[in-house]
Each structure stands twice: as C-alpha cells, then as structure tokens.
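Chemist: Can you keep this structure in mind? I'll have questions shortly.
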Amino acid sequence: MILSRYGEIQVGQSELVLITGGARSGKSSLAEKLASQVASSEEKVLYIATAQVYDQEMSQRVALHQQRRPEGWITVEEPTELEDALYRWNQADQVILIDCLTLWLTNLLLPIYDERSWSAEKEREILERGERLALQARESKATILVVGNEVGLGIVPIDPLSRLFRDLSGLLQQAFARQAHRVYFTVSGYPLQVK
C-alpha cells in the first residue's frame with residue numbers, strides 16, 4: 001500500500017484515477033508522481049502518449065515530458081486506438097498512465113470534422129466510444145491514471161469547431177469521472193481531490 005498526501009493506492013489492485021486541470025497546472029507531473037509511487041518497479045509503468053507532433057512547439061512539449069520520465073518506463077505512442085492498448089496491457093501488476101484524453105479526442109475529431117456535414121450522430125459516436133473506453137479502464141486489472149484538460153473554464157469560443165471540441169471534452173471528462181475511483185483537479189501545481 002502506498003500512503004502519500006494524495007491518498008492511498010493499493011499496489012496490484014486495479015483503480016482508475018482521473019487527473020484533470022488547465023494547461024500547465026501540474027496534471028502530468030502529478031500523474032507521473034503517482035505512477036512512480038504505485039509501481040512496484042519502474043518497468044511496471046506503461047506511459048501511453050496520445051500526442052501527435054505537427055510543429056516545433058509540440059515537439060518541445062513532448063521532449064519535456066520524455067525528459068521527466070524515468071528510464072525504465074515503457075512508452076507507447078497511441079494517438080487513437082486507446083482501447084486496443086488497454087486490452088494489450090491489461091495486467092494486474094501493471095500501472096498505465098494515459099496522457100492525455102484531450103489529445104485523444106483531438107485525434108478522433110479533427111480528421112472527420114466538417115462543419116457542413118457534422119451531425120449529432122457523429123458526436124454521439126465519439127461520446128459513446130469515450131464512455132466505452134472509460135468503462136474498459138474501470139474494469140481493467142491494471143491501475144490506470146488518465147490525464148485530461150479542463151478546456152471549458154474560459155471564454156466561449158468564437159468558432160463552431162472550438163465550441164464542439166470544448167463541449168465534447170467536457171462530456172468525455174464527465175464519462176471518465178463517473179467511472180473513476182478517484183478524481184483530482186490540479187490548480188497552479190496543487191491537486192484537489194474532488195472524488
């Protein structure tokens with residue numbers, strides 16, 4: 001059993017933890033810290049990265065995350081097929097860190113979005129996929145830490161795609177929060193446990 005200021009997590013006992021917050025709020029750092037504390041050895045941490053690098057700024061962000069990770073962690077880059085990755089790595093002594101849910105949504109949404117042909121059915125398909133993923137994560141044998149961004153705390157976006165993304169992101173996070181055993185909201189580097 002790991003006791004820390006973040007609560008206790010049983011080693012080898014499955015648990016789903018959602019860590020959410022704004023940009024640069026400390027979400028990923030908290031998830032990495034919890035993963036290190038829970039894993040019986042560094043080899044037991046699987047880091048599933050959903051980011052796709054399209055520009056220099058994103059390349060720098062990815063490099064920063066890679067530098068922070070312990071050497072023994074296994075990294076899998078999986079921008080869209082998180083369900084398959086969770087299925088492949090579903091082991092009782094495994095700690096899985098998914099970073100992040102919001103980029104996964106971006107990777108699903110952008111290739112299919114067209115304002116003229118967008119429908120409630122397409123929106124429902126994405127949300128149902130997210131709900132199935134959240135349930136799969138909860139029922140996993142592994143301990144799963146999921147990072148997501150709270151993008152709906154600011155102004156109402158001006159364009160339809162941005163509003164759709166904000167709404168889908170909020171609903172996706174709710175689906176994970178419902179299934180999660182614990183939810184942390186990070187603010188200015190400090191985690192608040194909300195569930």
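Residue 1 is where the sequence shown starts when you use UniProt numbering, and the numbers rise one by one after that.
In this text, a Cβ means the ideal position worked out from N, Cα and C, and glycines have one as well.
Note that the coordinates shown come from a computational prediction; the quantities given were computed from them, not determined experimentally.
#1: With 8 Å as the threshold, decide whether the Cβ of R68 is near any Cβ in chain C.
#2: Alpha carbon to alpha carbon, how far is V38 from A142?
#3: Can you tell me the Cβ-Cβ gap for L86 and A137, rounded? I've got them flagged as a contact below 8 Å.
#4: I'd like to know if the segment 80-98 and the segment 46-55 are in contact, where contact means that at least 3 CB-CB pairs between them fall below 8 Å.
#5: Between which two residues does the beta strand (DSSP E) carrying V183 extend?
#6: Tell me, to the nearest whole angstrom, how far the beta carbon of L101 is from that of F176; I am working on the premise that it is less than 8 Å.
#7: For Y190, write down the residues that DSSP places opposite it in a beta bridge.
#8: Measuring CA to CA, which of E32, W104, S140, F185 is closest to G71?
#9: Distance check for S169 and Q13, CA to CA, integer angstroms please.
#10: Any chance the CB of A137 is under 7 Å from a heavy atom of the ligand COA?
#11: So, helix, strand or coil for I19, using DSSP?
#12: Alpha helix (DSSP H) containing G148: first to last residue?
#13: Okay, do the segment 17-33 and the segment 52-63 touch, 3+ Cβ pairs below 8 Å being the bar?
#14: Only counting runs of 3 or more residues, tell me where the beta strand (DSSP E) segments fall wholly within the segment 86-141, in order along the chain.
Modeler: According to the data block:
#1: Among the chains of the structure shown, chain C does not appear; only one protein chain is present.
#2: 11 Å
#3: That belief holds up - the Cβ atoms of L86 and A137 are roughly 6 Å apart, short of 8 Å.
#4: yes
#5: 182-187
#6: 7 Å
#7: V187
#8: With the sequence shown as reference, residue 71 is identified as Glu, and Gly is not the correct amino acid for it. Of the listed residues, the one whose Cα sits closest to E71 is E32.
#9: 28 Å
#10: By its list of ligands, the structure shown contains no ligand whatsoever, and the ligand COA lies outside what it can speak to.
#11: strand
#12: Judged by DSSP secondary structure, G148 falls outside any alpha helix (DSSP H) and instead within the beta strand (DSSP E) spanning 143-149.
#13: With contact defined as three or more Cβ pairs closer than 8 Å, the segment 17-33 and the segment 52-63 are not in contact.
#14: 95-99
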